[in-house]
Structures are given as C-alpha cells and as structure tokens.
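Numbering (our numbering), first residue to last: 5 to 383.
Here the structure comes first, spelled out in structure tokens, and everything after it is commentary.
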Amino acid sequence: DLPAISELLAVAPLLVFIAALWWSFAPIDRRLRDARLLRQLRQGEPVHRPPSRIEYVSANFRHQVLLILIPLVLLSAWRGAVRQWGDHLPFLPPVSSDAASWATLALDLVGVAIVFVFTPALIRLAWDTVPISSGPFHDTLASMCRRYRVRMRTPILWRTHGSMVNGAVLGLVWPFRYLMFTDALFDRLSARQVEGVAAHEVGHIKRHHIFWLAISIFAAVTIGESFGLFLAWLLRANTHTMEGIVIAASIASVAFTFGWVSRRFEWQADAFAVQHLSRAGDPLAPNVPPSETVTQESIDAMASALLDVALTNGMNPNAFTFRHGSIAARVRRLHDLLGTPVHAAPIDRHVRILKWSAASILLLGIAASSVLQLFDIHL
C-alpha cells in the first residue's frame with residue numbers, strides 16, 4: 005500500500021462534510037457581502053467581485069483545510085515510507101537490533117524538518133496568491149529587508165476577495181519563507197500603515213520569534229514534566245496515575261507558555277515597527293531628518309493600522325485573544341514607547357531575558373535527562 009493513502013481515505017468523509025457546511029453557508033456569506041456593499045460604495049471603498057458558491061467553498065477549503073492537511077499528509081507519507089521500505093536502506097541497522105528504533109526516530113525527525121521547511125512553498129501554490137514583483141511597496145519592502153539583513157523571497161499578494169485584512173510570515177527558513185499580504189490590506193490602509201504592518205512581520209523574522217517560540221515550548225515541556233513528577237511523588241501515585249499527572253502538567257505548561265510568550269513577541273514586533281517608522285522618517289515632512297527616538301507620528305501610524313485591521317476584520321479592539329492579547333492593550337504599549345531610543349525598547353530587554361531563561365531551562369532539562377539515563381544504564 006502507498007503511504008498516507010489509507011489515512012486520506014479515512015478522513016475523506018469528514019472533508020466532504022466540512023465542504024458541505026461551507027456550501028450551505030455560502031448564500032449567507034453572499035447576503036452579508038451585499039449588506040456591506042452600499043456602505044462601501046458610500047464611503048468610496050474598493051469593491052471586489054463576490055465569489056461564486058464554488059469559489060467560496062474552494063477558497064475556504066484551500067485556506068483552512070489545506071493549511072493543516074498538507075503537512076499532515078506529508079508527515080504521514082514519510083513515516084509510512086520509513087516503516088514500509090526502511091529495511092531496504094543500506095545505512096539502517098536490522099529491525100531486530102536495539103539501534104533500529106533510534107534510527108527510525110532519527111529518520112522521523114529528519115522528515116519533520118523536511119516537511120516544515122518545504123510545506124510553505126506548497127501552501128503558497130495551494131492558496132490564491134500572486135507575487136508582488138514590482139511597484140512602490142515591493143521597493144519599500146526590499147529596502148527594509150536589506151536594511152535589517154533579512155533574506156526574503158518576493159512578497160506575495162494573498163487574494164481573499166477583500167474579505168480579510170492581514171499580513172503574515174509563511175515559512176521558517178529562506179528560500180522557503182514568504183511575506184504575505186492580503187488584497188484588502190492595500191485597499192483599507194494607507195501606504196504608511198502598510199509599511200508599519202510589513203515592518204511588524206519583518207520584526208518577527210529579525211528577532212527569530214518562531215525559533216525561540218519552539219525553544220520556549222520545549223522548555224515548558226521540561227517544566228511541566230518536572231512539576232508533574234514532583235507532584236506524583238508527593239501523592240505517592242502509581243505508574244498509570246503518574247503518567248496522567250505528567251501529561252496534564254506538560255499540556256498546561258505548554259498552553260500557558262505558548263500564549264504568554266506569543267503575546268510578548270507580538271509586543272516586540274510592534275515596537276520594531278514603530279522603531280523602523282521613526283528611522284525612516286515622516287513622509288509628510290521630508291526635510292525633517294530621521295529620528296533616533298520613537299516619534300509620535302510613527303506611533304499614530306502603527307496604532308491606527310492595528311485598529312483599522314481589527315475593525316475591518318470585525319474584531320473588538322478590547323477583546324483579549326490568546327496569542328495576540330487585545331488590540332487596545334497593544335496600542336497603549338505603543339504610546340508608552342514615545343521618546344525611547346529606536347535601538348533599545350524596554351520589551352527588547354524583557355524578551356532577551358525570556359530567551360536566555362528558556363534556553364537555560366531546556367539545557368538543564370537535557371543535562372538532567374542524560375544523567376538519569378546514564379545512571380539507569382549503570383544500574
């Protein structure tokens with residue numbers, strides 16, 4: 005049997021059910037778009053052709069299902085191929101040997117790395133995207149990337165029929181890393197606001213937020229397991245109860261850490277954006293030299309961009325979200341940056357401490373695990 009085929013057949017009924025739900029919701033979405041049409045025309049906003057029913061289902065399927073399905077299918081195919089044809093690889097030890105399980109685990113980890121590196125290129129092809137190969141925004145973004153020594157492919161326009169205002173980084177490493185911006189972002193925001201959103205995304209890359217988020221999660225697993233083992237020891241739990249306590253503690257630790265760290269990385273990316281806008285200078289005052297401190301104009305540009313994105317997407321600016329916090333809180337933090345040096349925001353020091361702490365906890369956990377394993381072998 006070909007790897008991953010049985011898994012795809014197993015989830016096919018669920019995928020058909022999801023597509024049927026979108027098919028039934030398409031007329032409601034069309035009515036909502038029609039209701040907004042008069043307001044858009046009255047305010048002189050750009051109007052996009054509404055998608056047909058098939059286009060609506062296709063767009064939702066590609067943008068929501070394929071985002072998860074592509075890496076899962078690739079991982080399943082890799083894992084199945086290793087177990088089905090691994091015996092024919094000359095560098096793998098015999099299946100009956102003790103080293104076989106370690107070799108299989110190593111190949112699984114290699115597969116995870118390969119999939120997460122190459123998946124962004126496949127997702128970009130699956131989504132409705134086109135490259136932004138020229139124009140003022142392309143030149144501004146290229147100059148920004150050169151200034152901060154960030155390697156980036158051609159920026160991507162994500163066509164959503166005007167339904168979403170957003171910018172995002174897709175991918176972990178160059179050359180399979182893309183900066184994507186939706187069509188509505190350019191329709192709704194000014195050039196200065198779009199530059200701020202782009203600087204926010206570049207800040208995520210420059211500060212290596214994805215890498216350090218992964219390190220923080222591994223450190224959280226270490227803390228959760230340690231706390232779970234200690235709690236199980238206090239309760240004198242048996243083996244099965246201990247495993248449940250450790251798993252529950254690890255999940256709770258990872259969930260808390262993921263949200264807590266993500267929000268601080270968002271604050272740092274916001275600070276990076278206003279620092280960049282201050283360095284770039286005010287386009288309405290070309291004779292004024294770039295500032296060495298964060299300016300009110302740069303704060304106003306970025307704060308208004310965040311608020312416009314929230315309101316256009318139908319979000320309450322005061323509503324708290326797990327990964328980003330609330331827009332209102334982020335705007336308040338931006339105003340607190342007024343007059344601070346463009347090379348050293350307070351959040352930079354906090355994030356630096358966070359990174360060193362996560363790395364130290366992870367290294368201590370690895371060292372402790374290695375010592376315990378050696379002690380086990382010795383016994």
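Ideal Cβ placement from N, Cα and C applies to all residues, glycine included.
It should be emphasised that the depicted structure is a prediction, and the values quoted were computed from it without experimental measurement.
Given residue i, which residues of its chain have a CB within under 7 angstroms of its CB, disregarding the five upstream and five downstream residues?
| i | result |
| --- | --- |
| Ser-266 | Leu-217 and Arg-327 |
| Ser-330 | Pro-321, Asn-322, Ala-323 and Phe-324 |
| Ala-30 | Arg-57, Tyr-60 and Val-61 |
| Ala-8 | Val-77, Ser-80, Ala-81 and Gly-84 |
| Pro-345 | Glu-296 and Thr-297 |
| Leu-311 | Pro-321, Ile-331 and Val-335 |
| Ile-381 | In this prediction, Ile-381 scores a pLDDT of 47, lower than 50, which makes its location untrustworthy; no coordinate-derived value is stated. |
| Ala-241 | Ile-249 |
| Phe-190 | Val-198 |
| Ala-305 | Arg-196, Gln-197, Gly-200 and Leu-281 |
Rounded to the nearest angstrom, what separates residue i and residue j at their Cα positions?
| i | j | result |
| --- | --- | --- |
| Val-116 | Arg-40 | 43 angstroms |
| Pro-1 | Thr-299 | Residue 1 cannot be examined here, being either before or after the span of the chain that is shown, 5 to 383. |
| Val-198 | Ala-309 | 8 angstroms |
| Gly-171 | Ser-28 | 29 angstroms |
| Asp-112 | Arg-66 | 27 angstroms |
| Pro-159 | Cys-149 | 11 angstroms |
| Arg-35 | Leu-315 | 20 angstroms |
| Thr-245 | Leu-238 | 12 angstroms |
| Val-355 | Pro-55 | 43 angstroms |
| Leu-161 | Gly-248 | 46 angstroms |
| Gln-47 | Arg-192 | 11 angstroms |
| Ser-373 | Gly-263 | 26 angstroms |
| Thr-144 | Val-177 | 22 angstroms |
| Ala-236 | Thr-226 | 15 angstroms |
| Glu-11 | Val-114 | 21 angstroms |
| Val-134 | Leu-183 | 12 angstroms |
| Val-119 | Ala-333 | 36 angstroms |
Identify the residues that DSSP records as bridge partners of residue i: which are they?
| i | result |
| --- | --- |
| Thr-297 | Pro-345 |
| Tyr-182 | Leu-174 |
| Ile-357 | None; Ile-357 has no bridge partner. |
| Leu-161 | Val-134 and Phe-185 |
| Thr-325 | Gly-329 |
Assuming residue i and residue j make a contact with CB atoms under 8 angstroms, what is their CB distance in whole Å?
| i | j | result |
| --- | --- | --- |
| Ala-24 | Asp-132 | That belief does not hold up - the Cβ atoms of Ala-24 and Asp-132 are roughly 22 angstroms apart, past 8 angstroms. |
| Ile-303 | Leu-338 | 5 angstroms |
| Gly-228 | Val-258 | 7 angstroms |
| Ile-219 | Ala-362 | 5 angstroms |
| Gln-272 | Arg-211 | 6 angstroms |
Given residue i, which residues of its chain have a CB within under 8 angstroms of its CB, disregarding the five upstream and five downstream residues?
| i | result |
| --- | --- |
| Pro-294 | Ser-282, Arg-283, Ala-284 and Gly-285 |
| Ile-127 | Leu-70, Leu-71, Ile-74 and Leu-174 |
In chain order, what residues of the same chain have a beta carbon less than 6 angstroms from the beta carbon of residue i, not counting five sequence neighbours either side?
| i | result |
| --- | --- |
| Phe-185 | Gly-171 |
| Arg-87 | none |
| Leu-358 | none |
Checking contacts by CB at 8 angstroms: is residue i closer than that to chain D?
| i | result |
| --- | --- |
| Ala-223 | Note that chain D does not occur in the displayed structure, where there is just one protein chain. |
Three-pair Cβ contact test at 8 angstroms for the stretch 194-214 versus the stretch 266-277
yes
With contact counted as at least three CB pairs below 8 angstroms, one residue from each stretch, are the stretch 135-150 and the stretch 163-178 in contact?
no
Measuring CB atoms only, is the stretch 223-232 touching the stretch 243-256, in the sense that at least three cross pairs come out at less than 8 angstroms?
yes
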